[in-house]
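In UniProt numbering, the protein residues as written are 1 to 630.
Reviewing the structure listed below.
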């Protein structure tokens, strides 16, 4: 197993020149895993790596710079400015082994915000410890096994380096793979001789299934017109939405309407959608009365009828048996075969969500939280189901496999308290984990056995019955983690497979605080496009939204915003259009600034076909029960 190799690997190098040399090797070696003749030619020099990227007849260059100096003082700031001067007209990538400064008051954070805005030519990437270790381990692995029969074919299939999240961001592989023509995938090669006992390191992703094509090829969709004396149509290529979209605006600005108008066009093009409904207004799509409401506009009435005939709507109400409940699992099936670093991260996220539901609010490292995380990891590694009951028993028995993780560091009282808290959790929230239907991403998307022939699935997940914010956060975090697992099994870079709308997204990705959803959401924003998944984030509280994610989002619709603090936060998004931020507060319903790849345009968004009026709780449960009976 790779896990047997990793302990022999030295800790990541701290010298910036050596880090640049290692990163340069990994970049060059990634060429061996790229299809369609994409070649990376790195040239390391001190802490810089100049990379020439050849794809077909095109050749581009980018400067990659290690920027690991301290944020305090002028160390990091000087490195950033030196990199900007060094790259000249070339784009650059600032690489750091730890997080970049996050305080909006810090001068270096402000400078990075301007340089790395969505419309800028610069990017910033954090290469985590696990990825540095994976590069070191794989370099050793190549030296030992590169002459083995079938090694090259195996490497093309598994792509140990090209699947590393940090390398994908440094080289912008999502864009390169989306632009390259897609050949027919070859049959999976057999593992090369001699690799049966020397499998790749746990930090490198395992082989994945071949890409699954979307249900229907989608052309450009029209969703708005420009504002001006001569309005012109505004279109989007569906595949561009793999890099996510944000819809920002105050209450009544039309942001959700604009998002739903795009989703309706995608549904007509055969792209399934999942709507996370906190308020009960999105459940209207499951209400026959909404489809039958009078529509005086003949064109809109015809389009509505065409949409109704094209989609299969399913409504779920997790948390209550009175509607259509949907059970979640603490660890999704298949996690046992994932890399060790991924299992650890998933367990960390799941434990944090459970801890919030149990009321753990203490600062610092809580021993109970650490024990809970390790208990999840132990059960996953053993291939056992991870439930509240199995966790409680493992902690109560103080199983040897669990105790080995701590070497006697934690007292008996921590295990005893955690056992009691898990018992109470199971008694209060058993409805979350037990239901006739279990959360299944294929079911949400209407794939395989869940497909409705000739129709595209629209799923609405109403969270109204889940209760308090901590419970909602935990349920949504498990949805995000299940989606991340699905992503790894269904790669489709460059082809939009599905979209997920998160209304009131500031609750899941807030600027202040760390709910159970925040880590999984940040991770999925970085990785979802590898499977052609587009995340739509809509919020009426743009001042509370975390804009550190803006490097991952390439489509922004900014509607009417009146709060000065929120407008200030939006300035980096709108900076390429002088005066745009000053006019945000004066926009009318349905008016937006559309920001895409260096272009900022004033648009009037189309209205969606189904009204977003809040349904009563009883009506939502009634509609959900209809689906349960099918």
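Beta carbons: idealized from backbone N, C-alpha and C, even for Gly.
Bear in mind that the values here come from a model prediction, so they are computed numbers and not experimental data.
Status (buried if at least 16 other CB within 10 Å, exposed otherwise) for residue i
| i | result |
| --- | --- |
| residue 143 | exposed |
| residue 168 | buried |
| residue 306 | exposed |
| residue 337 | exposed |
| residue 365 | exposed |
| residue 239 | buried |
| residue 569 | buried |
| residue 611 | exposed |
| residue 237 | exposed |
| residue 409 | exposed |
| residue 503 | buried |
| residue 85 | exposed |
| residue 21 | buried |
| residue 624 | buried |
| residue 51 | buried |
| residue 572 | buried |
| residue 220 | exposed |
| residue 233 | exposed |
| residue 292 | exposed |
| residue 627 | buried |
| residue 184 | Reliability of the predicted coordinates at residue 184 is poor, the pLDDT of 45 falling under 50, and the value obtained from them is presented with this limitation in mind. The residue is exposed, with fewer than 16 neighbouring Cβ atoms inside 10 Å. |
| residue 19 | buried |
| residue 436 | exposed |
| residue 113 | buried |
| residue 378 | buried |
| residue 203 | Note on residue 203: pLDDT 43, under 50, position unreliable in the model; the coordinate value appears next. Buried is the call here. |
| residue 231 | exposed |
Within 8 Å, strictly: CB atoms of residue i and residue j
| i | j | result |
| --- | --- | --- |
| residue 615 | residue 242 | no |
| residue 368 | residue 429 | no |
| residue 331 | residue 386 | yes |
| residue 354 | residue 375 | no |
| residue 138 | residue 161 | yes |
| residue 439 | residue 326 | yes |
| residue 498 | residue 347 | no |
| residue 549 | residue 591 | no |
| residue 261 | residue 247 | no |
Where the beta strand (DSSP E) through residue i begins and ends
| i | result |
| --- | --- |
| residue 42 | 39-45 |
| residue 603 | 599-605 |
| residue 221 | 221-226 |
| residue 555 | 555-558 |
| residue 233 | 233-236 |
| residue 622 | Premise fails: residue 622 lies in the alpha helix (DSSP H), 617-629, not in any beta strand (DSSP E). |
| residue 124 | 122-126 |
| residue 52 | 48-55 |
Extent of the continuous alpha helix (DSSP H) run through residue i
| i | result |
| --- | --- |
| residue 244 | Careful: residue 244 lies outside any alpha helix (DSSP H) and carries neither H nor E. |
| residue 570 | 564-574 |
| residue 396 | 388-397 |
| residue 417 | 412-433 |
| residue 96 | Taken as a continuous stretch (DSSP letters only), residue 96 belongs to no alpha helix (DSSP H), being part of the beta strand (DSSP E) at 92-96. |
| residue 69 | Note, residue 69: premise wrong, no alpha helix (DSSP H); not H, not E. |
| residue 84 | 75-87 |
| residue 19 | 16-30 |
The ligand GDP heavy atom lying under 7 Å from the CB of residue i
| i | result |
| --- | --- |
| residue 444 | Looking for the ligand GDP in the displayed structure turns up nothing, as the structure carries no ligands at all. |
Interface flag, residue i vs chain C, CB-CB below 8 Å
| i | result |
| --- | --- |
| residue 348 | You won't find chain C in this structure, because it holds only one protein chain. |
> Which ranges would you report for the alpha helix (DSSP H) in the segment 137-166 if only whole runs of at least 4 residues count?
Replying inline: 151-158
>> Could you check whether the segment 474-485 touches the segment 251-267, counting it as contact only if at least three pairs of C-beta atoms, one from each stretch, sit closer than 8 Å?
In response: no
>> Taking contact to mean 3 or more Cβ pairs, one atom from each stretch, closer than 8 Å, check whether the segment 522-539 and the segment 481-492 are in contact.
In response: yes
> When the Cβ atoms of the segment 448-462 are set against those of the segment 398-416, are three or more pairs found closer than 8 Å?
Replying inline: no
> Does the pairing of the segment 286-297 with the segment 592-606 give three or more beta-carbon distances under 8 Å?
Replying inline: no
> Taking the runs of the alpha helix (DSSP H) that are 4 residues or longer, which of them lie wholly in the segment 262-350?
Replying inline: 288-292 and 298-310
>> Which complete alpha helix (DSSP H) runs does the segment 461-536 hold, if anything under 4 residues is left out?
In response: 469-489 and 518-527
> Is it a yes or a no for the segment 278-290 touching the segment 574-584, going by three-plus beta-carbon pairs under 8 Å?
Replying inline: no
>> Can you confirm whether the segment 25-32 touches the segment 154-174 when touching is taken to mean that 3 or more C-beta pairs between the two stretches lie within less than 8 Å?
In response: yes
>> Can you confirm whether the segment 219-230 touches the segment 498-513 when touching is taken to mean that 3 or more C-beta pairs between the two stretches lie within less than 8 Å?
In response: no
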